[in-house]
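K.L.:
Line by line, the protein sequences give chains A and B. Sequence positions in the first sequence follow my numbering and run 75 to 640. Sequence positions in the second sequence follow my numbering and run 1322 to 1783. Even glycine gets a Cβ: it sits at the ideal position worked out from N, Cα and C.
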Amino acid sequence: MTTTPTTPRTTSSTTPRTAPPTTPAAAAAAPKAPPAPAWEELVSAALLGTDRRTPPVPLRPGQSPSAALLDAAAVSTVRRRAALRPAPAGERPAPAPADPRPPLPPAARRRLSLLLADRGGGGGSRRGTTPDLTELLPQWLAAAQDHGYRAPGALLPALLDAARARTDLRPAALALAGPRALWLARLNDDWKFALRGFGGTAAVPGPEAPEGVRRLWEEGLFAERVSLLTALRRRDAAAGLGLLATTWAAERAEDRLMFLDALRECLSSADEPFLEQALSDRSRNVRATAAELLSALPGSALAARMARRATACLGLGHGPGPVITVEPPRECDAGMERDGVAPKPPSGRGRGAWWLGQLLEAAPLHGWRAVFEGRGPAEILALPVADDWRTELHDAWCRAAVRQRDATWARALLGTPAAPAQATEAAPTGSSRDVAKLLTVLPEDERAAWVAQFIAAHGLSDAFRMLGVCGVPWAEPLGRSVVDALDIARDAGSYPWSFSGVMGLAERCLDPAAADRLDMLTAVTEEPEGASPGSGGYWSEAFVRLVGTLRLRATMHAELSGGAGS
Amino acid sequence: MAGRSVEDMNPQGERWTTDQVLALAPDDASRKAGGKLAAPGPWSETGADGGAVWGLCKGSGKKPYQTVIDVTGPAFTCSCPSRKFPCKHALGLLLLWAGEGETVPAGAPPEWAGPWLAGRREKAERAAATPAGGGGAARTPSDPEAARRRAERRLERIASGATELEQRLEDLLRTGLTAAEGGSYRQWDETAARMVDAQAPGLASRVRELGSVAASGAADWPARLLAECALLHLLDQGFLGRERLPAPLAATVRARIGLTTDAAELLTGPEAATVRDRWLVLAQQDSDDGRLTTRRIFLRGERTGRMALHLSFGGGGRPLDLALPPGLVLDADLAYYPGARPLRAALGERHAPAAPGPVPPGCGVDAALAAYGDALRDDPWLESWPVVLADVTPVPARDGSGWQLADADGESALPLDPRFLGRAGLWQLAAISGGAPVTVFGECGHRGFVPLTVWDPTPVSL
Chain A
75 MTTTPTTPRT
85 TSSTTPRTAP
95 PTTPAAAAAA
105 PKAPPAPAWE
115 ELVSAALLGT
125 DRRTPPVPLR
135 PGQSPSAALL
145 DAAAVSTVRR
155 RAALRPAPAG
165 ERPAPAPADP
175 RPPLPPAARR
185 RLSLLLADRG
195 GGGGSRRGTT
205 PDLTELLPQW
215 LAAAQDHGYR
225 APGALLPALL
235 DAARARTDLR
245 PAALALAGPR
255 ALWLARLNDD
265 WKFALRGFGG
275 TAAVPGPEAP
285 EGVRRLWEEG
295 LFAERVSLLT
305 ALRRRDAAAG
315 LGLLATTWAA
325 ERAEDRLMFL
335 DALRECLSSA
345 DEPFLEQALS
355 DRSRNVRATA
365 AELLSALPGS
375 ALAARMARRA
385 TACLGLGHGP
395 GPVITVEPPR
405 ECDAGMERDG
415 VAPKPPSGRG
425 RGAWWLGQLL
435 EAAPLHGWRA
445 VFEGRGPAEI
455 LALPVADDWR
465 TELHDAWCRA
475 AVRQRDATWA
485 RALLGTPAAP
495 AQATEAAPTG
505 SSRDVAKLLT
515 VLPEDERAAW
525 VAQFIAAHGL
535 SDAFRMLGVC
545 GVPWAEPLGR
555 SVVDALDIAR
565 DAGSYPWSFS
575 GVMGLAERCL
585 DPAAADRLDM
595 LTAVTEEPEG
605 ASPGSGGYWS
615 EAFVRLVGTL
625 RLRATMHAEL
635 SGGAGS
Chain B
1322 MAGRSVEDMN
1332 PQGERWTTDQ
1342 VLALAPDDAS
1352 RKAGGKLAAP
1362 GPWSETGADG
1372 GAVWGLCKGS
1382 GKKPYQTVID
1392 VTGPAFTCSC
1402 PSRKFPCKHA
1412 LGLLLLWAGE
1422 GETVPAGAPP
1432 EWAGPWLAGR
1442 REKAERAAAT
1452 PAGGGGAART
1462 PSDPEAARRR
1472 AERRLERIAS
1482 GATELEQRLE
1492 DLLRTGLTAA
1502 EGGSYRQWDE
1512 TAARMVDAQA
1522 PGLASRVREL
1532 GSVAASGAAD
1542 WPARLLAECA
1552 LLHLLDQGFL
1562 GRERLPAPLA
1572 ATVRARIGLT
1582 TDAAELLTGP
1592 EAATVRDRWL
1602 VLAQQDSDDG
1612 RLTTRRIFLR
1622 GERTGRMALH
1632 LSFGGGGRPL
1642 DLALPPGLVL
1652 DADLAYYPGA
1662 RPLRAALGER
1672 HAPAAPGPVP
1682 PGCGVDAALA
1692 AYGDALRDDP
1702 WLESWPVVLA
1712 DVTPVPARDG
1722 SGWQLADADG
1732 ESALPLDPRF
1742 LGRAGLWQLA
1752 AISGGAPVTV
1762 FGECGHRGFV
1772 PLTVWDPTPV
1782 SL
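In structure tokens form, the structure reads like this:
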């Protein structure tokens, strides 16, 4: 019987638990309860038609066989429905592991559900004045992570769906979702990704379970192993290295590369012997990565070898005044290659310059003081360079400062942000130098101050990537200088969407406290002479949205602290 | 949040919880849009006076939209052109009011909000002052004799429709269901249209259902088609023989055929019988067929233990008139529509503002099926019966068998209705349970159980 949802415990001819219902047909028509024919018989009679087969039902006088069949089917249907029994229970799932974290404050819970409901909204339409919630979800998740809340069960499906659609949300979303989300993901193939281990330390066995660590390392999926190694490095760098060493020789080349990359976490001189060994690896990519990691350790033997090679190429000449003389290497010998120097330059670059760049990038920066007779970075950078090598040389030092996280050199290379020539000086023609990367070497507040001065002097057009590396929320005076620059851009009469990148960043990164100052910019102003038509209104709209977003962010943070609405 | 709603309670109306506000949203899109507007940015001149909330919302135009909400209704008005009800501005403003008291200060209604609010309050006072039955008298048609003749003519038309339908069903059974397999909808649609002409909408929708069963191609279509035909036949016969039925069953037949009963008559008419109780809202569910939105609100009386279903309809510019998020308790009068197994009810006087209620007590799987079986004895056309299940554990589908809700003892289980399995609510239910027992409200029927609300421990709509 297929319409029955439940399997009767007894055989198909279930005795009804309740008396057969009094149906109108019964009341109106049939005084005697007929003996009930089996439902299947009625169905096959109905399929064939009463013209072809006389149905197994009693006829009342004057009643057609088909009406009698309908009568019997009605009684049978209601009787079966009324006599449904429970089905035997299937095997229950193992309960989800307990999540002892505190629940979200109610207001924060509601906010999350709004942010999740808004996913994928927006589309290509003009943004108008309302905040873009899609961009606030990552922020909310990041902020929630600091509080250590547990996500409400009702929102786990939406949270998993969001994480499925946006890989950048996965670590924070899964951390919030916790063990119950992993439990749930096992039941739904759509969420298999969650089991591949983005869950941070939640999925990693603790130090009290060395057996669990070993088993996961030996039997886990690749991504699970990477996250295990990363987590272990954070907890106990030496143990992480030890774990990797146990299986290193047996790993596939592309896996070795990823595992080596994971050693970046908490890299120290203790890793040097292992990395030095990896310089002889079968895979070229593994060798190159090992070399790069070693050169980030200025005390390593590799760094010393590179320093020796690099200092042989640069010298201090004394023409009319001091000048840096450059003698690029003539060949890339086996030793250089072993230490990670790529022998073949990309097309269009000279071999000597290519090799020199790599040597300079890997050579410890502190060694140049001795070469240039006690000069500091700023003085060295101020020295003239012979034969047009200046850009090549400074670019290589920029890369070295980034790789070695050398703030003194980075500061000197960045120079004064407000200098009129800075915009061109920081990235001269033909240079591949990355100012934003260089900025990441500076401490956060210094970085913000530098970018603030840069914007004050040069406006926003080149500032997008620099702003992207500044800490959130933007420390003053950075926030103020961005707002001032936007105000200036409005007065210049261009459309706000020329600055949509910076506007979007500002919505996410400005300190919510800036909202009050921005409020006065939301008024529609007189359009300046020669302004793009309608720009004033659009600017006002953009500022309204900025203020709204900032206020919403402030509210979000307050809600997470349990300060509002609870 | 619970603490807050008590603290902020005032004589005219309590401050709502945000969940209450969100439950008002007619659909997900409105919930989103309302959420976006729940920030101070676009709002100005906002205020609240306990019974009402108002504010101006900057939109794309020059003139801001004027949004006013009477929270005692609730009722909404907004100068925006949206056909959603309530519109996103009303939702956004309510969220703002519910979330952060400071952004919606207390005050007196401004000029643009005053008249509408005054009109609402005047109407409410008038309604309260009208003695019971007085309203009914005003609605009595001028010529009762003509009305009676009209009603009789309608019954005759329905009877001839029912007779025609009987003929159609008997023909189908004579030639055999095989002839109907995969058959065109047109035949059924024509028959359905004849039933609409016969002023029997209940018959028309059942005929359409037959068409979709025949065309479904599901493995069990012959059995389902026969069952549906048989129940339709039962209804026809019931109507044609209504004189011989007990009065409550005759009322059930009339309601299922599509003859309506006036709610006001039920509440205030000469034979009005209301039930006062503290009614716990178990579920609120909207369904939309494109033209019409149907809102079903399930209630259960604390004292009487009786289930009740409140229906309201919106669409075509007509707003849904009632919003009750699950979990609230309502001290109110209900009047059941007549029938052999009364369930549908009209909401009468509300004696106190709605307040958050407890997790309801529930029964096991056996009792739930028994309740459905018992209800079928009175009304054989019931597809399901509302029940609260306590301590049931969702059991995931495994090789061929669907999801179940298993009893605390781990032996008996109720399958979930296959139609529920594609819904997002299934995963919410599973996530909230986490393999542990939960309290679930839903409809227990012959195709399985459809969960509508789960308690976590606050109610979550599925």
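Helix, strand or coil: how does DSSP classify CYS1684 (chain B) here?
P.N.:
Reduced to three states, the DSSP call for CYS1684 (chain B) is strand.
K.L.:
Please check if any C-beta of chain A sits within less than 9 Å of the C-beta of VAL1686 (chain B).
P.N.:
yes
K.L.:
Among the candidates A:LEU306, A:PRO231, A:GLU285, whose CA atom is the shortest distance from the CA of LYS266 (chain A)?
P.N.:
Taking only the C-alpha atoms, the option nearest LYS266 (chain A) is A:PRO231.
K.L.:
Counting beta carbon pairs with one atom in the region 1716 to 1733 of chain B and one in the region 1699 to 1706 of chain B, are three or more of them shorter than 8 Å?
P.N.:
no
K.L.:
Is ALA470 (chain A) near GLU366 (chain A), with beta carbons less than 9 Å apart?
P.N.:
Taking 9 Å as the Cβ cut-off, ALA470 (chain A) and GLU366 (chain A) do not qualify as a contacting pair.
K.L.:
Out of B:LEU1524, B:THR1393, B:ARG1612, B:GLY1635, which has the shortest C-alpha to C-alpha gap to ALA1673 (chain B)?
P.N.:
B:THR1393
K.L.:
Measuring only between beta-carbons, confirm whether ALA147 (chain A) sits less than 9 Å from chain B.
P.N.:
yes
K.L.:
State buried or exposed for TRP1724 (chain B), treating a residue as buried only when at least 16 other CB atoms are found within 10 Å of its CB.
P.N.:
buried
K.L.:
So, is the C-beta of THR1496 (chain B) closer than 9 Å to a C-beta in chain A?
P.N.:
By this cut-off, THR1496 (chain B) is an interface position.
K.L.:
Taking beta-carbon pairs under 8 Å, can you tell me which members of the region 1348 to 1378 of chain B lie near chain A?
P.N.:
Cβ contacts with chain A come from ASP1349, ARG1352, LYS1353, GLY1356, LYS1357, LEU1358, ALA1359, ALA1360, PRO1361, GLY1362, PRO1363.
K.L.:
Taking C-alpha atoms, which residue in A:VAL360, A:LEU186, A:ALA522, A:VAL397 lies nearest to VAL543 (chain A)?
P.N.:
Per the C-alpha coordinates, the member of A:VAL360, A:LEU186, A:ALA522, A:VAL397 positioned closest to VAL543 (chain A) is A:ALA522.
K.L.:
Counting along the chain, where does the alpha helix (DSSP H) carrying TRP322 (chain A) start and finish?
P.N.:
Neither: TRP322 (chain A) is in no alpha helix (DSSP H) and is coded neither H nor E.
K.L.:
Considering only C-alpha positions, which residue in the set B:GLY1635, B:LEU1655, B:LEU1555 is nearest to THR1625 (chain B)?
P.N.:
B:LEU1655
K.L.:
Determine the DSSP secondary structure at PHE573 (chain A), reduced to helix, strand or coil.
P.N.:
helix
K.L.:
Just the chain B side, please: which residues come within less than 8 Å of GLY622 (chain A) by C-beta, in chain order?
P.N.:
ALA1360, PRO1361, GLY1362, PRO1363
K.L.:
Specify, as a first and last residue, the run of the beta strand (DSSP E) that LEU1668 (chain B) falls within.
P.N.:
1666 to 1671
K.L.:
Between B:GLY1669, B:GLY1731, B:ALA1373, which has its C-alpha nearest GLY1395 (chain B)'s C-alpha?
P.N.:
One detail in the question is off: residue 1395 (chain B) reads as Pro in this sequence, not Gly. Checked all of B:GLY1669, B:GLY1731, B:ALA1373; the closest Cα to PRO1395 (chain B) is B:ALA1373.
K.L.:
Return the CA-CA distance between TRP571 (chain A) and SER606 (chain A), expressed in angstroms with no decimal places.
P.N.:
12 Å
K.L.:
Hey, how far is the Cα of LEU317 (chain A) from the Cα of THR596 (chain A)?
P.N.:
One alpha carbon belongs to LEU317 (chain A), the other to THR596 (chain A), and they sit about 58 Å apart.
K.L.:
Whole angstroms is fine: what's the gap from ARG254 (chain A)'s alpha carbon to VAL1761 (chain B)'s?
P.N.:
20 Å
K.L.:
Quick one: what does DSSP say LEU1737 (chain B) is sitting in, helix, strand or coil?
P.N.:
strand
K.L.:
Near HIS1631 (chain B), what residues of its chain come up, given a Cβ to Cβ distance below 7 Å and the 5 sequence neighbours on each side ignored?
P.N.:
ILE1618, LEU1620, LEU1643, ALA1666, LEU1668
K.L.:
Does the beta carbon of VAL1596 (chain B) come closer than 9 Å to any beta carbon on chain A?
P.N.:
no
K.L.:
With 9 Å set as the bound, which would you pick, yes or no: does the beta-carbon of THR80 (chain A) sit closer than that to a beta-carbon of chain B?
P.N.:
At THR80 (chain A) the pLDDT is 43, less than 50, meaning the model places this residue with poor confidence and gives no usable figure here.
K.L.:
For GLU1704 (chain B), does the three-state DSSP call read helix, strand or coil?
P.N.:
coil
K.L.:
Let me make sure I understand the geometry here. Which of B:ALA1551, B:SER1526, B:ALA1501, B:ARG1563 has the alpha-carbon closest to that of SER1537 (chain B)?
P.N.:
B:ALA1501
K.L.:
What number of angstroms, rounded off, separates the C-alpha of PRO1431 (chain B) from the C-alpha of ALA1727 (chain B)?
P.N.:
Roughly 56 Å between the two C-alpha positions.
K.L.:
Name the chain B residues whose beta carbon is nearer than 9 Å to that of SER138 (chain A)?
P.N.:
Neighbours of SER138 (chain A) on chain B, chain order: GLU1491, LEU1494, ARG1495.
K.L.:
To be precise: take each residue of the region 1472 to 1491 of chain B, compare its Cβ to all Cβ atoms of chain E, and keep it if any distance is under 9 Å. Which residues remain?
P.N.:
In summary, chain E is missing from the structure at hand, where the protein chains are A and B.
K.L.:
What ranges does the beta strand (DSSP E) occupy inside the region 1368 to 1404 of chain B, keeping only unbroken runs of at least 3 residues that lie completely in it?
P.N.:
1373 to 1378, 1386 to 1391, 1396 to 1399
K.L.:
Within this structure, are the beta carbons of LEU1810 (chain B) and THR1779 (chain B) separated by less than 9 Å?
P.N.:
As shown, chain B starts at 1322 and ends at 1783. That puts residue 1810 (chain B) outside it, with no answer to give.
K.L.:
Pop quiz: ASP413 (chain A) and MET380 (chain A) are said to be a contact at Cβ under 8 Å. What is the actual Cβ separation, rounded to whole angstroms?
P.N.:
6 Å
K.L.:
Under 8 Å Cβ to Cβ from PRO105 (chain A), same chain only, skipping five residues before and after it: list those, please.
P.N.:
Note that PRO105 (chain A) scores a pLDDT of 43, beneath 50, so its modelled location is shaky; the value from the coordinates is reported in the next line. Contacts found: none.
K.L.:
Does the CB of ALA510 (chain A) have a neighbour CB from chain B at under 9 Å?
P.N.:
no
K.L.:
Output the boundary residues of the alpha helix (DSSP H) element that contains THR1339 (chain B).
P.N.:
From DSSP, the alpha helix (DSSP H) with THR1339 (chain B) extends over 1339 to 1345.
K.L.:
Would you check if the distance between the CB atom of LEU634 (chain A) and the CB atom of ALA182 (chain A) is smaller than 9 Å?
P.N.:
yes
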